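Numbering (my numbering), first residue to last: 1 to 243.
Just so you know, even glycine gets a beta-carbon here, dropped at the ideal spot from N, CA and C.
Just so it is clear, the structure is predicted and the values come from calculations on it, not from any experiment.
Remarks on the structure that follows.
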Amino acid sequence: MREDLPKPEAAAGPDELAELAEFMRRNRVAIIVSCAVVLLATAVAFLYRQRKLHSLERASQMLASARTARDVQAVIDLYGNTPYAPLAVLRLAKMEFNAGDYAGAMKRYDDFIGRFPAHPMASAAELGRVFCAEAMGRLEDARRGYAEFAAVHTNHFLHAHAVFGNARCLEQMGRYGEARTVYEDFIAANPNSPATARAEERLRAVKRSIEKISAQTQGQQNSLQGSSPDLPEPPSPLPNFAP
1 MREDLPKPEA AAGPDELAEL AEFMRRNRVA IIVSCAVVLL ATAVAFLYRQ RKLHSLERAS
61 QMLASARTAR DVQAVIDLYG NTPYAPLAVL RLAKMEFNAG DYAGAMKRYD DFIGRFPAHP
121 MASAAELGRV FCAEAMGRLE DARRGYAEFA AVHTNHFLHA HAVFGNARCL EQMGRYGEAR
181 TVYEDFIAAN PNSPATARAE ERLRAVKRSI EKISAQTQGQ QNSLQGSSPD LPEPPSPLPN
241 FAP
């Protein structure tokens with residue numbers, strides 16, 4: 001029965017060991033060089049990974065501690081190839097927007113979209129441009145931008161901002177009937193949204209403005225007697241947009 005079992009391989013004999021030794025002797029330089037190349041490649045890869053990790057850590061620390069536009073710009077200049085560079089561009093755009101430099105902020109958003117078109121925050125940068133247009137008084141351009149964003153990005157975390165921006169521009173242009181429709185549609189489509197209460201508040205304000213305008217139109221003759229009609233309520237203020 002045991003004759004069927006495979007026999008173990010015989011250990012290398014003296015001749016085979018001699019051949020191996022001779023091969024090593026003849027090719028020792030090539031073998032040493034090959035080993036050195038492998039070790040060098042391993043060391044370079046290790047150092048590269050360590051340097052990359054250090055750069056990421058340093059960029060993260062710099063962005064977290066940045067307090068001025070110069071601090072944020074330093075992150076972009078020094079660590080432009082890290083994932084923190086796009087975030088730094090957005091933060092710089094926000095700082096310029098809050099400082100009233102709407103044209104500068106728009107250029108930052110354009111820069112972001114041009115450099116990082118596939119970034120998850122690219123759509124936020126697109127909406128940032130629209131906020132800048134509104135702040136610069138380009139209300140019709142902004143209204144269209146808000147409406148397009150809301151229509152395309154229905155599940156985006158900034159969807160409500162776009163809807164309210166559309167309605168806000170309509171209010172500023174005196175198109176209260178259209179603004180009312182925007183708020184009503186949002187409330188009907190998002191009954192459980194945290195932003196619904198805000199939409200309901202603005203809807204009530206828009207309705208009061210419509211009523212005041214109607215009363216003003218019907219009572220213009222009172223102005224001849226020295227009375228001054230009520231003015232419509234102002235639109236909601238431009239929010240502190242933070243992509």
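| query | For Y255, which of I213, N192 and A59 has the nearest alpha-carbon? | reply | Residue 255 falls outside the range modelled here, since the chain spans only 1 to 243, and no answer is possible.
**Request:** Would you decide whether G177 is buried or exposed? Buried here means 16 or more other CB atoms lie within 10 Å of its CB.
**Result:** Reading the sequence shown from its first residue, position 177 is the one you call residue 177. Per the 10 Å Cβ criterion, exposed.
- Member of M136, L56, L127 and Q172 whose CA lies at the smallest distance from the CA of V152: As a first step, residue 152 must be located in the sequence shown, where it is residue number 152. With distances taken between Cα atoms, V152 lies closest to L127.
Problem set entry | Beta carbon of E134 nearer than 7 Å to that of A142 | Mapped onto the sequence shown, residue 134 falls at position 134. Mapped onto the sequence shown, residue 142 falls at position 142. Yes, the pair counts as a contact, with Cβ atoms nearer than the cut-off.
Of the residues Q73, T196, L170 and N192, which one's Cα is nearest the Cα of V206? Position 206 of the sequence shown, counted from the start, is the residue given in the question as residue 206. Looking at the Cα atoms, L170 is the closest of the given residues.
Query raised in the report: Which residue from V182, M173 and S209 puts its Cα closest to that of F164?
Result: Locating residue 164 in the sequence shown gives position 164, counting from the first residue. For F164, the nearest C-alpha among the options comes from V182.
*Just reading off the alpha helix (DSSP H) that F97 is part of, what are its end residues?*
Here residue 97 corresponds to residue number 97 of the sequence shown, with the count starting at 1. That run of the alpha helix (DSSP H) goes Y84 to N98.
Thinking C-beta only, is A150 closer than 7 Å to H159?
-> If you number the sequence shown from 1, residue 159 lands on position 159. If you number the sequence shown from 1, residue 150 lands on position 150. It is a contact, given that the beta carbons lie within the stated cut-off.
What separation, rounded to the nearest whole angstrom, lies between the Cα atoms of K212 and L90? As a working mapping, residue 212 is identified with position 212 in the sequence shown. As a working mapping, residue 90 is identified with position 90 in the sequence shown. Going by the C-alpha atoms only, they are around 41 Å apart.
Compute the Euclidean distance between the alpha carbons of P235 and A122, then round it to the nearest angstrom. Position 235 of the sequence shown holds residue 235. Position 122 of the sequence shown holds residue 122. Answer to the nearest angstrom: the Cα atoms are 28 Å apart.
Just to confirm the assignment, what range does the alpha helix (DSSP H) spanning H161 have?
Working through the sequence shown from its first residue, we reach residue 161 at position 161. Taken as a continuous stretch (DSSP letters only), the alpha helix (DSSP H) holding H161 covers H159 to Q172.
T68 burial status per 10 Å Cβ neighbour count (16 or more: buried):
Numbered from 1 along the sequence shown, position 68 holds the residue referred to as residue 68. That one is exposed.
Query raised in the report: Which class does T68 belong to by DSSP, given the choice of helix, strand or coil?
Result: Reading the sequence shown from its first residue, position 68 is the one you call residue 68. Note: T68 maps to coil in three-state DSSP.
task: Go to R208, then tell me how far its alpha helix (DSSP H) extends in each direction, as first and last residue.
output: Here residue 208 corresponds to residue number 208 of the sequence shown, with the count starting at 1. Segment T196 to Q218, the alpha helix (DSSP H) holding R208.
On the three-state DSSP scale, how would you describe R138?
Within the sequence shown, the letter at position 138 stands for residue 138. It is coil, neither helix nor strand.
Looking only at its own chain, which residues have a Cβ that is under 8 Å from the Cβ of P86, when we skip the five neighbours before and after it? One-based indexing of the sequence shown puts residue 86 at position 86. For P86, where only same-chain residues beyond five positions count, the Cβ hits under 8 Å are F112, R115, F116, H119 and M121.
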